Every structure is written in structure tokens, then in C-alpha cells.
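S.K.: Can you read through this structure? Questions will come right after.
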Amino acid sequence: MQKLKNNTMKKLGIITLVIGLASMTSFAQEDGRIEKTEKKEREKLTPVERAEKRTKHMTKTLSLTEVQVAKVSEINLAHAKEMEKLHVEMKALKEKLKSEKESTRSKVDAVLTADQKLIVEQKKEERKEKKAERRKDCCKE
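Okay, so the sequence shown: first residue is -13 according to our numbering, each after it adds one.
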């Protein structure tokens, strides 16, 4: 009878430990998602707002004079506008690149046999796994 109680207590302890670890893991994941959301919200500044924010920071950090503030503000605004333009161009290029890749893949798929398509999918999965492995190794340290 005593042995049965010990086994039950061990099982209960293990179950409690597993549930505790699972809940800790889920909390850790939720925090990461919140940070990403905050980051996305933070990036929605206009070029003018970004330039003003950068100028204020530089003024505070470097103790700029009024003349310097005016010049730096103008430089920061020009930079912010140029960066906005480049971001728009990059987004368009990424979309074009994606559609070109998809087009090429569908054309190649039309030429391949079913067995060859399977090999392509297997290789794709292998590359995906290697990439995940490299990321895991990279972030361990």
C-alpha cells in the first residue's frame, strides 16, 4: 500500500513539473510577441516625426547650439525622406522578386516528373532544417 502511495506521489510530482514548465514556456513566448507588436507600432512614424525625434535626441546628447540644431534638423529631415523613399522601393523590389521566384518555380514544376518534384521538396525541407539548426546554434551563446 505504501509503495502505491509513493508511485502516485511521484507521478503527481512529475505531472506538476511538466505543467509548470509548459506554462513558463508559454509565458516566455507571449512576452516576445508583445515586444514585436510594440516595435511595429513604434516604427509608424512619418519622416518628419522621425527627423524631429532624432534631432531632439542629438540636441540633448550633444548639447547642440541653435544654429547646429537648425542644420542638423534639415539634414535629418532630408535623410528621413530619402530613407522613406528607399523603403518603398525596396518593398516593391521584394514583391517583384517574390513573384519572379514563384513564376520560375511553377515553370520548372511543369517540366519535372512526380518523382523529381518529391526530390525537390525533400531538398527544400533539408535546407529548411539546416537553416533552423544554424539559427538555433547562433542564438545559443
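From the three backbone atoms N, C-alpha and C, an ideal C-beta is built for every residue, glycine too. Values in this document were obtained by computation on a predicted structure and should not be read as measured data.
Given that a residue counts as buried once 16 or more other Cβ atoms are within 10 Å of its Cβ, and exposed if not, what is Thr41?
M.R.: So Thr41 ends up on the buried side.
S.K.: I need the straight-line Cα distance from Glu81 to Lys(-3), nearest angstrom please.
M.R.: In a straight line, the C-alpha of Glu81 is about 53 Å away from that of Lys(-3).
S.K.: Considering only residues of the same chain and omitting the five flanking positions on each side of Leu50, which have a CB-CB separation below 8 Å?
M.R.: Here the set comprises Met44, Val58.
S.K.: Does Lys57 come out as helix, strand or coil in the three-state DSSP assignment?
M.R.: Reduced to three states, the DSSP call for Lys57 is helix.
S.K.: In angstroms, rounded to a whole number, what distance separates the CA positions of Asp17 and Thr99?
M.R.: Residue placement at Asp17 cannot be trusted, given a pLDDT of 48 that sits under 50; what the coordinates show is reported in the next sentence. The straight-line gap from Cα to Cα measures roughly 46 Å.
S.K.: Please determine, among Ala37, Ser89, Ser85, Leu48, the residue with the shortest C-alpha to C-alpha distance to His145.
M.R.: Residue 145 lies beyond the range of the chain shown here (-13 to 127); nothing can be said about it.
S.K.: For my contact list, Leu31 and Lys39 are in at a C-beta cut-off of 8 Å; report their separation, rounded to the angstrom.
M.R.: Confirmed, about 7 Å.
S.K.: Helix or strand or just coil, what does DSSP make of Thr2?
M.R.: Looking at Thr2 - three-state DSSP - the assignment turns out to be helix.
S.K.: In terms of alpha-carbon separation, which member of Ser89, Val97, Thr(-6), Glu35 lies closest to Glu60?
M.R.: Closest option to Glu60, Cα to Cα, is Glu35.
S.K.: Pull up the CB-CB distance for Pro33 and Glu70, whole angstroms please, since I reckon it's below 8 Å.
M.R.: With a Cβ gap of about 5 Å, Pro33 and Glu70 count as contacting.
S.K.: What would DSSP say about Thr32, mapped onto helix, strand or coil?
M.R.: The answer is coil: DSSP assigns Thr32 none of H, G, I, E or B.
S.K.: Can you grab the Cα-Cα spacing for the pair Glu112 / Thr90, in whole Å?
M.R.: Distance between the alpha carbons of Glu112 and Thr90 is about 21 Å.
S.K.: Roughly how many whole angstroms lie between the Cα atoms of Thr(-6) and Asp123?
M.R.: Cα-Cα distance, rounded: 39 Å.
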